[in-house]
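Residue numbers (the working numbering): 5 to 466.
Note sheet for the following structure.
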């Protein structure tokens with residue numbers, strides 16, 4: 005596909021939203037000369053901040069507060085909202101009328117001529133993609149980050165240069181579109197797989213089916229970096245047609261691999277082992293981040309990066325906002341923001357990252373996930389817990405009671421209240437950790453808003 009193919013096409017954008025992705029998609033398509041219908045179930049008043057950013061564009065018809073069936077069945081293309089399932093009645097209407105349904109990810113892949121490193125997994129996508137980006141930058145390459153954080157995708161196409169290398173964080177939703185069009189990145193990185201998004205997917209097998217698109221359509225000359233410690237991913241090895249690079253916390257004795265040995269992150273090219281960096285030099289906290297570093301080392305090898313460049317980038321990397329982010333120390337208590345832990349497995353990793361006594365702030369809205377493992381860790385590893393109200397909170401409390409934990413729960417309906425309650429429970433030397441293990445909707449716009457509210461509350465403490 006060429007960008008000129010979009011000129012004059014009638015395209016429906018399903019979902020403008022408030023977080024920037026829809027805005028970038030609309031602007032890109034408008035500037036490419038498409039005639040747009042932008043439809044969203046939110047009203048004009050609710051979308052006012054997004055509409056303000058697009059007021060200079062003229063070739064757009066807005067259909068707000070509703071979807072019209074004709075806007076899906078009688079156009080040249082539909083750009084699907086990630087939150088809408090492929091069996092959504094409007095998406096189905098487009099497909100039944102042979103209208104191509106794209107997402108920002110599939111359009112990007114079709115229009116991009118540069119090599120793409122794709123990163124997916126239930127946990128660690130953003131950190132791993134950011135590590136790969138930093139390694140490429142130190143190595144003197146020209147990397148560009150796509151899909152990392154709250155940024156749009158398609159408008160990044162105009163920033164690409166001939167030597168650019170794309171590092172693309174790929175959610176299961178974005179991968180679902182790639183799978184439909186037989187697309188996979190040149191280098192696929194699969195960090196792990198745990199239960200998540202079961203409020204969207206029927207079961208974990210359906211979730212995994214979308215994730216597999218990261219490698220399913222690769223060529224034999226491509227690379228796939230896969231977590232050999234994750235039982236589900238280890239079972240996929242026979243499906244991979246590209247060149248496999250495994251990574252593990254334990255030494256791997258055969259094939260291309262990255263692993264931990266004698267206190268070092270090591271890389272084996274299939275013949276020789278090279279030490280990349282000692283564990284003592286790594287600045288980011290958490291055992292799970294060792295896995296993210298191993299994955300990034302595998303991707304760096306796939307791109308021909310020298311070990312010394314990888315070592316330098318890894319030694320300088322200090323972590324990302326919203327992921328075990330140190331906020332401040334006050335009265336001998338340290339505060340950490342891990343709002344990106346939106347699943348129980350993520351929160352378990354967060355709690356396990358500390359040897360100090362932890363006062364945990366957790367809970368929120370439900371994604372239909374099992375909270376038993378999280379409840380066990382709360383019981384065994386935390387000093388106290390403060391909950392943010394929501395359906396997931398009710399499930400965590402029920403799971404705690406099933407395990408014999410009968411403490412009266414402290415449930416709050418604002419972040420400021422949660423931080424104040426946690427502060428009263430903490431002593432000198434403790435850590436107060438926001439690691440929710442749940443989605444954010446209800447009390448907050450999204451997990452980033454939740455993290456920002458935590459930082460605001462912590463910063464205002466006297």
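Glycine residues also receive a C-beta, built at the ideal position from the N, C-alpha and C atoms.
Buried versus exposed, by CB contacts within 10 Å (16 or more), residue 34: buried
Local conformation of residue 64 per DSSP, three classes: strand
Cβ neighbours of residue 75 in the same chain (closer than 7 angstroms, five flanking residues each side left out): 16, 41, 43 and 67
Bridge partners - residue 44, DSSP secondary structure assignment: 68
Through-space distance from residue 348 to residue 235, alpha-carbon basis: 18 angstroms
First through last residue of the alpha helix (DSSP H) which encompasses residue 352: That run of the alpha helix (DSSP H) goes 348–356.
Beta carbon of residue 264 nearer than 8 angstroms to that of residue 294: yes
Segment limits, beta strand (DSSP E) that includes residue 263: 260–265
Bridge partner(s) assigned by DSSP for residue 250: In DSSP, residue 250 forms a bridge with 230 and 261.
Coarse secondary structure for residue 327, derived from DSSP in three states: coil
C-beta atoms of residue 136 and residue 112 nearer than 8 angstroms: no
Limits of the unbroken alpha helix (DSSP H) element including residue 211: Going by DSSP, residue 211 is part of the alpha helix (DSSP H) stretching over 208–215.
Residue 238 - DSSP class collapsed to helix/strand/coil: helix
Proximity of residue 193 and residue 303 at Cβ, strictly below 8 angstroms: For the pair residue 193 and residue 303, the CB atoms are nearer than the 8 angstroms cut-off.
Pairwise C-alpha distance: residue 342 and residue 327: C-alpha separation (whole angstroms): 4 angstroms.
Under the three-state DSSP convention, the category residue 369 falls into: strand
Euclidean distance between Cα positions of residue 169 and residue 225: 17 angstroms
Contact belief for residue 140 with residue 147 at Cβ below 8 angstroms, rounded distance in angstroms: 4 angstroms
Between the CA atoms of residue 418 and residue 379 - distance to the nearest angstrom: 22 angstroms
Residue 122 (DSSP reduced to helix, strand or coil): strand
Whole beta strand (DSSP E) elements within the stretch 261–344, 3-residue minimum: Counting whole runs of 3 or more residues, the stretch 261–344 contains the beta strand (DSSP E) stretches 268–273, 277–282, 329–334 and 337–341.
Beta-carbon proximity check, residue 81 vs residue 104, cutoff 8 angstroms: Yes, Cβ-Cβ distance for residue 81 and residue 104 is below 8 angstroms.
Residue 142 (DSSP reduced to helix, strand or coil): helix
Alpha helix (DSSP H) runs contained entirely in the stretch 157–214, provided each spans 4 or more residues: 176–184
Exposure label - residue 231; buried when at least 16 CB within 10 Å: buried
Cβ contact (3+ pairs, closer than 8 angstroms) linking the stretch 164–178 and the stretch 92–104: no
Anticipated Cβ contact below 8 angstroms, residue 466 with residue 331, distance rounded: Rounded, the Cβ-Cβ distance is 15 angstroms, inconsistent with contact.
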